[in-house]
């Protein structure tokens, strides 16, 4: 098994398990804490980011599962893409599938971080943060790749 697959599995399990553990704790043990900048407060998100598409409620989990399946098929057919971007892909899959599992388990995504310093912000969870980190890593990798190609082309 290639090292990218092994690392991907480890990353996936760690992020997925930690996110689900924290969500389970919030749902079952009510950890509500108010802070000056951020509060911990249980909320259920029936939509996606900022509760968009909440009107799709019951269908949303199946749509997201279908998107994950299509992405998986693409990656299986284009293994070089996976090898190149395994880190952000692993993070994205762990976080995304954790949120999808919430929809099947709780009927909505479990959120609990509420940022309110200076402005009101949406309530979010660890998986949401990890999705943003994965996208940032992917963008960074793409920019670095473009710069490297530019340098290579200018040397020729």
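In this note's numbering, the protein residues as written are 10 to 165. Yeah, the Cβ is synthetic: ideal placement off N, Cα and C, and Gly gets one too.
- Here the alpha carbon of residue 133 sits roughly 18 Å from the alpha carbon of residue 37.
- With respect to the C-alpha of residue 80, the residue from 15, 99 and 68 having the closest C-alpha is 99.
- Assignment of beta-bridge partners to residue 133 by DSSP yields 122.
- Under the 10 Å beta carbon count, residue 29 is surrounded by 16 or more other beta carbons and is classified as buried.
- Collapsing the DSSP output to three states places residue 87 in coil.
- Residue 117: not part of any beta strand (DSSP E); DSSP gives it neither H nor E.
- As a beta-bridge residue in DSSP terms, residue 42 pairs with 49.
- By the criterion of a C-beta distance shorter than 6 Å, residue 139 is surrounded in its chain by 24, 100 and 104, once the five residues flanking it on both sides are discounted.
- If the five residues before and after residue 118 are omitted, its C-beta is found closer than 6 Å to the C-beta atoms of 54, 108 and 111, all from its own chain and listed in chain order.
- By the neighbour-count criterion, in which a residue is buried when 16 or more other Cβ atoms sit within 10 angstroms of its Cβ, residue 102 is buried.
- For a cut-off of 8 Å, the C-beta gap from residue 17 to residue 95 is around 5 Å, short enough to register as a contact.
- Excluding its 5 nearest sequence neighbours in each direction, residue 67 has no C-beta neighbour in its own chain below 7 Å.
- In its chain, beyond the 5 residues on either side, 124 have a beta carbon closer than 6 Å to the beta carbon of residue 47.
- Rounded to whole angstroms, the Cβ separation of residue 121 and residue 50 is 6 Å, and the two are in contact under 8 Å.
- CA-CA distance, residue 161 to residue 92, rounds to 22 Å.
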